[in-house]
Amino acid sequence: MNEVVEKTGLLAEPAGKGVVPRTDAVTAKKEPRILVCDGNEAAAWGVVLSRPDMVAVYPITPQSSLAEYVAQFVADGVLDAELVEAEGEHSVLSVLHGAALAGARTYTASCGQGLAFMFEPYFRTPNLRLPIVMSIVNRDGITPQCVWGGQQDAMTVREVGWVQLFCETVQEVLDTIVMAYRIAEDRSVMLPVNVNHDGNYLSNGIVRIELPDQAEVNDFLGTPDVNWHAALDPDRPMGVDPLTGGATGPGPALFVGYRRGHCEGMQNALRVIVEVHEEWARRFGRRYAPLVEEYRLDEADHALVTIGSMAGAAKDAVDAARDRGERVGLIRIKTLRPFPLDAMVAALDKVRAVGVVDRAVSYGWNSGPVHQETLAALQHCRHRIPCLSLIGGLAGADLTQTHFERAIAETAKLLDAPCPREPVWLNAEDR
Amino acid sequence: MSATPTIAFDPARCDGCGDCMRACASAKSTHGNTAQSRIRIVHDDEAGHWGVAQCRQCGDPRCASVCPAAALAKGDDGVVAWDAGRCVNCLICTAGCTFGGIAFSADEGHVVKCDQCAGAPQCVAACTRGALRYVTAAKLYNRWGELEDLFVPGLGGCQGCNTELIMRHTLRRVGPNTVLATPPGCIPGMGSVGYNGMLGCKVPVFHPLLTNTASMLTGIRRQHKRKGRNVTALALAGDGGAGDVGFQSLSGAAERGEQILFVCVDNEGYMNTGAQRSGSTTYGAWTATTPIGDSARGKAQDAKNLPLLMMWHGCEYVATASTAFMEDFYAKLEAALDASERGFAYLHLYSPCTSGWRFPSASNIEVARTAVETNFAVLWEYRREQGLTLSRDIDDPLPVTDYLKLLGKFRHLDPAQIAHIEQHVAEQAQVLRELAGMRSREGKRIVCHPSDSMAVDLDQ
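If you're matching them up, the sequences are chains A and B in order.
The first sequence begins at 104 in my numbering and counts up by one.
The second sequence begins at 29 in my numbering and counts up by one.
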């Protein structure tokens, strides 16, 4: 047992009840506990380690088993949290609004239609500056009816003001959920965080992971710092969220103040995300690119841009191409909101052409959302770089190494020929 | 009205024994003659009970205003005092007082009036039946009159709206250890959550979404409870935020038995946005979205019965109330508050809307009372242990048309529509009669409460 844990008296505290001051001491590394589990169970373990006061859940495919794991952990006493089995996603997030305003560290998970139904409280959450952490187990949108993976859900809500992180692996899901509380509760941020993991690929794919030590996580997270700014507490009465705005009086300036403060919080999050990932690497030994991962960009002519779990297969394809002598690399976006402009520009500046693979569509642009984000970042690059849109993995479709080899080949064409305006539909010929 | 002391009289407790008069005469008159008592018990043959003639220590005493010698004046202690040195025995004061509170005493040779025996009135002490009480003026009106008013003065409601009355008395009773949720509607429109930084109430208050009041309060209540604090989670919601778009979260929280006190202020429509139809709007009513025209004559459907729907959720407590029957409302608020410690408590308040229903702003309480007296709105109470009980007799209601004719929103009704409403009101009353006749889990038959149970009970 290390000194930090003894000093804080953690062992004497029942789980979830302790007030744990955060220290900068690096804790002694313990032998990690090994689990074999899927992404939903890993996410639930991330929740257990983060010790929220309140968890509200409603099942939806492919998130359902996550809700089940959390409920089981509460039932087993592994997680000492209030569990609210609400009657729908709309209420799930509404419960957390109340809880957070009363001081609770909170968690929920949703996706797809559930997220759509949650939208009314969802787009209020960041404006209230509530540090709620919510997993989105990414699912494609209906119609046509579809219960499988895709990122249309998260991409559709990316302008709402949540911090949005996208994970590549099951281990990263667990680690990122814990890190998300540090980011959300940072006083310079105070924003809700979505931790995205791809439905089916990550939610159901079983792998070996390491479970961090609870005491070390407690030390990393510290005491929940939730409602210092807005509270529903009879001991300090205040009216939370008064009517603001209008054409005259102090309303417009007040409203601008809220909006601008929110934008500043988002920009601050870029710094905090980096710091938190650095500390995580230092404490727990697992280092993730916090904003944008550059994979084999050294002397690359062109690169793929990916997001989420597809990066795994894409990296294999890049490795294979490198083995063949092709100078190709990969750029993975971990943080989509706030958009990591500087990191993205730095990566893009290293290549002469990019192909962006999306698991969602942007209807009015006839391409993918991440393609649009990349185009916007390219505006800030030193040179004009062609940028191809590739769309694949919709509705749970496989994105295999073969698909990515084609993506690399299509991107390589940009080096010698004009960039097509039409997207490449990677699964269009699948049988 | 300041909280100055006064002597209250309860006719239901007085048997005319005269002990009060004898005690007063003994304490105050020279010869102990009850004819000289400053309190008089008189029998009201028409009303069939005893009444009292005694100085009321009026807030703006007429006796003092007509006195040409300035011998009478209201003191800081609330007592209207008589100054022997100034009195010229003109007796104009005795004509000024309409309560018989000041009279000429032949024995004393001048006017005499009650001075409350310097804080220990002998008449009250002598009354063994409790008909006389020495209480503050505020307490005379209700026993919560001395509690803090938790809303600021001057909320921006429509003239004559009774919602402010509901808000003030509800919060006054529930007290400062409360988190209040007021979803979009007339109540935040009045300024409870505030405009541009100004706040309308003295408890923490939140403006939830129109759709999520009960679930948001779920989080509040559970988190405070988790931290070992007993905080009242209170909703003051309109009928739309409770029964229409807010119904899902209301239903979910009720089903889960969340410890919430949910008050629905039912003004039968979306009134603060311009009087549009809601699920609570009654049949035939004009609203902005159920207008009168060649092919439409107001709302085509009956209102949903939200309190009955809540009852079948198995709530801890459900009741209907009206601001025309405040003591009944207080009693139900008390019961609901108590029940919210154990589970979901739902209180449905019928709240006439002066502007949306089209009646003069001075008539709000009259409209509210007539709604109840015609059975258009029935007052009842449901407790898990006892089932449903009617709060007053509904067997001999006034004609429904007495109610309909008060309201501009019904002005266009044709005979067939009136017949529909009369039939619906009768059916609803019959359903409630039968539910009240179904018995408690102990098998006891529940009897209707007599309407006089709502009289002021100063014992409490």
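Quick reminder that beta carbons are idealized off the backbone N, C-alpha and C, glycines included.
Note that the structure is predicted; figures quoted are calculated from it, not measured.
With contact defined as three or more Cβ pairs closer than 8 Å, the stretch 273 to 290 of chain B and the stretch 355 to 362 of chain A are not in contact.
In this chain, V231 (chain B) is not harboured by any alpha helix (DSSP H), its DSSP state being neither H nor E. In the DSSP assignment, I239 (chain A) forms a beta bridge with A:S213 and A:N299. Interface annotation, T191 (chain B): not in contact with chain A, CB-CB separation never under 9 Å.
Here the alpha carbon of A98 (chain B) sits roughly 11 Å from the alpha carbon of C121 (chain B). With a cutoff of 9 Å on beta-carbon distance, T279 (chain A) and G411 (chain A) are scored as not near each other.
Of the residues assessed, Q370 (chain A) falls on the exposed side of the cut-off, its CB having fewer than 16 other CB atoms within 10 angstroms.
In chain order, A53 and D135 place their CB closer than 8 Å to the CB of N61 (chain B), counting only its own chain and leaving out the 5 sequence neighbours on each side.
Across the set B:E369, B:R370, B:E344 and B:L375, the C-alpha of B:L375 shows the shortest separation from the C-alpha of A359 (chain B). Nearest to E476 (chain A) by C-alpha distance, out of A:R485, A:H486 and A:C490, is A:C490.
Within the stretch 43 to 61 of chain B, no residue has its Cβ closer than 8 Å to any Cβ of chain A. At least one CB atom of chain B sits nearer than 9 Å to the CB of D156 (chain A). P181 (chain B) is outside the set of residues whose beta carbon lies under 9 Å from a beta carbon in chain A.
In this structure, D156 (chain A) lies away from P232 (chain B), with their beta-carbon atoms at least 9 Å apart. Taking C-beta atoms under 8 Å as the contact rule, N230 (chain A) and H332 (chain A) fail to qualify, at a distance of about 13 Å. For C140 (chain A), the uninterrupted beta strand (DSSP E) run begins and ends at R136 to C140, by DSSP. In the structure shown, M157 (chain A) adopts extended strand secondary structure according to DSSP, grouped into three states. Secondary structure in the stretch 174 to 232 of chain B: the beta strand (DSSP E) runs of 3 residues or longer, each lying completely within the stretch, are 206 to 209 in chain order. Nearest to R411 (chain B) by alpha-carbon distance, out of B:C48, B:S368, B:S379 and B:P89, is B:S368. Pairing V163 (chain B) with V207 (chain B), the inter-Cα distance amounts to about 32 Å.
Taken through DSSP and simplified to helix, strand or coil, I309 (chain A) comes out as coil. Taking 9 Å as the CB threshold, E355 (chain B) stays off the interface with chain A. At a beta-carbon threshold of 9 Å, none of the residues of chain A lie near H197 (chain B); the nearest stands roughly 19 Å away. For the options A:L481, A:F507, A:E513 and A:A145, the alpha carbon positioned closest to that of R311 (chain A) is the one of A:A145. Taking the Cα of G158 (chain B) as reference, the smallest distance to any Cα among B:A40, B:S93, B:D111 and B:V273 is reached at B:A40.
The continuous alpha helix (DSSP H) containing F387 (chain A) extends over residues G354 to F387.
By the rule that beta-carbons nearer than 9 Å mark a contact, S368 (chain B) does not touch chain A. Between N392 (chain B) and chain A, the shortest Cβ-Cβ separation is not below 9 Å. When the beta-carbon positions are compared, L518 (chain A) and A456 (chain A) come within less than 9 Å of each other.
Just so you know, the alpha carbons of P211 (chain B) and M49 (chain B) end up roughly 55 Å apart. In the structure shown, the three-state DSSP call for D461 (chain A) is strand. A residue is called buried once 16 or more other Cβ atoms fall within 10 Å of its Cβ, and G182 (chain B), having fewer, is exposed. In the DSSP assignment, G342 (chain A) forms a beta bridge with B:V233. About 18 Å separates the CB atoms of L186 (chain A) and M221 (chain A); that is not less than 8 Å, and the two are not in contact. In the DSSP assignment, V266 (chain A) falls within the beta strand (DSSP E) that extends over V266 to F269. Setting aside the 5 residues that flank it on each side, R397 (chain B) is surrounded in the same chain by A352, each with a C-beta closer than 6 Å to its C-beta; the list follows chain order.
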